[in-house]
Amino acid sequence: MSDVWRFAQFNTFAGVDSVELQAVDGADVAIIGAPIDWGASYRAGARFGPKAIREADYLSPNGHRPHLPTGIDPFEEMRIVDVGDVRIAPGYLEEGLEVLAQSVAAIAEAGAVPIVLGGDHSITFANGTGLARTLGDDTFGLVHFDAHADTGESAAFGALHGHGTPMRRLVESGAVPGHRFVQIGLRGYWPSPDVVEWMRQNSMKTFMMSEIVDRGLDAVVDDAVAACTATDAEGIFISVDIDVVDPGMAPGTGTPEPGGLLSRELLDTVRRLARELPVVGADVVEVSPPYDGPGAVTAFLANRVVLEILNGMAERRVGC
Ligand SMILES: [Mn+2]
């Protein structure tokens with residue numbers, strides 16, 4: 069085990085079975101960690117995210133989590149496994165993204181839904197690419213929760229990959245064309261108007277925080293669901309940048325932007341999406357434990373984002 073990084077993870081999410089990537093067959097969901105933070109432009113630390121998200125859990129690691137409001141235990145309805153963290157060399161971003169893409173493709177090939185614990189947001193390029201290798205380009209929608217559009221033409225100094233460019237790269241590669249994007253929660257002072265114009269030209273659907281405040285979250289999510297349904301997508305990939313939530317409730321992140329969603333609003337929304345639309349994959353990214361607040365509030369929120377996605381998927385299965 070000498071080549072396992074200390075920031076990588078040994079325990080499993082909620083205590084589910086640990087399986088090798090090659091042994092995912094028969095699972096409905098496979099959780100995988102991507103401790104990559106060398107795509108971060110500002111505050112790093114998300115390499116500690118997968119470990120913190122798994123550990124932000126006060127319940128027994130017994131692989132069961134009955135959901136109080138619905139009475140459903142998603143771990144009873146689905147076989148959920150944890151394949152651990154991808155093993156990649158720090159600093160080698162493109163190589164690491166390729167290893168992750170291959171891992172996500174392998175999970176999907178085995179018939180399981182990959183749920184990726186980040187890691188900075190650069191990993192979503194790998195997640196979308198890997199999924200498209202198995203499901204096909206232009207087949208699934210990407211619902212993207214974030215304060216930032218992540219559609220930068222390039223990362224710092226012209227680099228192709230970073231945590232501000234994954235959505236641009238997915239559109240350009242054709243894995244997820246712009247018309248299949250729904251973005252929720254954008255705010256602040258980035259990207260520049262020319263990039264916003266590029267997003268419009270590529271038919272990306274964007275719901276800014278200001279629109280959520282004006283119209284209410286429910287009305288916006290109604291539109292988001294309708295937009296996904298209208299494109300005849302076979303399913304959706306849910307990408308949750310934890311900075312979509314206000315830094316007052318999610319301070320442990322790389323690029324905090326004040327004025328975001330409440331943590332409860334995010335939890336309710338991801339569960340609703342997973343109930344109303346078929347989820348083909350998900351990631352939860354930009355949890356940076358070194359910047360987290362007292363009580364690891366950001367990591368606990370990210371852990372519950374995963375649980376609420378799983379619960380929505382289970383509700384869909386049992387026909388709620
Ligand atoms: Mn992001």
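The numbering of the sequence shown is my numbering, which starts it at 69 and goes up by one.
For every residue, glycine included, the Cβ atom is placed at its ideal position computed from N, Cα and C.
- Annotation for V347: the continuous beta strand (DSSP E) segment containing it runs 347-353.
- Here Q251 is buried. Its C-beta has 16 or more other C-beta atoms within 10 Å.
- Placement of the Cβ of D290 at a distance of 7 Å or more from every heavy atom of ligand 1 is found.
- Following the DSSP letters along the chain, one finds G152 inside the beta strand (DSSP E) bounded by residues 148-153.
- For S278, the closest alpha carbon among the candidates E376, G387, V312, V263 is that of V312.
- Residue side-chain check: D218 places its Cβ nearer than 7 Å to a non-hydrogen atom of ligand 1.
- In this structure, P118 lies away from A95, with their beta-carbon atoms at least 8 Å apart.
- Look at the beta carbons and you see the segment 298-315 not touching the segment 256-265: under three pairs across the two are nearer than 8 Å.
- In the pairwise beta carbon analysis, the segment 194-212 is classified as touching the segment 172-183: at least three pairs are separated by under 8 Å.
- Ranked by Cα distance from G349, the options A98, V154, E145 are led by A98.
- By the C-beta density criterion, D214 is buried, having at least 16 other C-beta atoms within 10 angstroms.
- Short of 8 Å from the beta carbon of I191, and not among the five residues preceding or following it, lie these beta carbons of its own chain, in chain order: A102, I104, G107, L165, L168, V184, P234, D351, V353.
- Judged by DSSP in its simplified three-state form, A157 adopts coil rather than helix or strand.
- Annotation: the continuous alpha helix (DSSP H) that includes S331 extends over 331-344.
- The alpha-carbon of V92 is positioned some 32 Å away from that of S331.
- The DSSP assignment places 97-102 as complete runs of the beta strand (DSSP E) inside the segment 87-140, in order along the chain (cut-off: 3 residues).
- With contact defined as three or more Cβ pairs closer than 8 Å, the segment 79-89 and the segment 128-141 are in contact.
- A distance below 6 Å between beta-carbons, with the five flanking residues on each side excluded, links T321 to the following residues of its chain, in chain order: I310, D311, E354, S356.
- Residue state for H212 is assigned as strand, using DSSP reduced to three classes.
- The three-state reading of DSSP puts P319 in coil, since its state is none of H, G, I, E or B.
- Spatial neighbours of D360 in its own chain (CB-CB distance under 7 Å, excluding positions within 5 residues in sequence) are listed in chain order as P319, G320, T366, A367.
- N371 places its beta carbon 8 Å or farther from that of I140.
- Between the segment 263-278 and the segment 149-166, the count of C-beta pairs closer than 8 Å stays below three; the two stretches do not touch.
- Sixteen is the threshold: since fewer than 16 other Cβ atoms of the shown chains lie within 10 Å of the Cβ of P261, the residue is exposed.
- Under the three-state reduction of DSSP output, M272 falls in the coil class, being neither helix nor strand.
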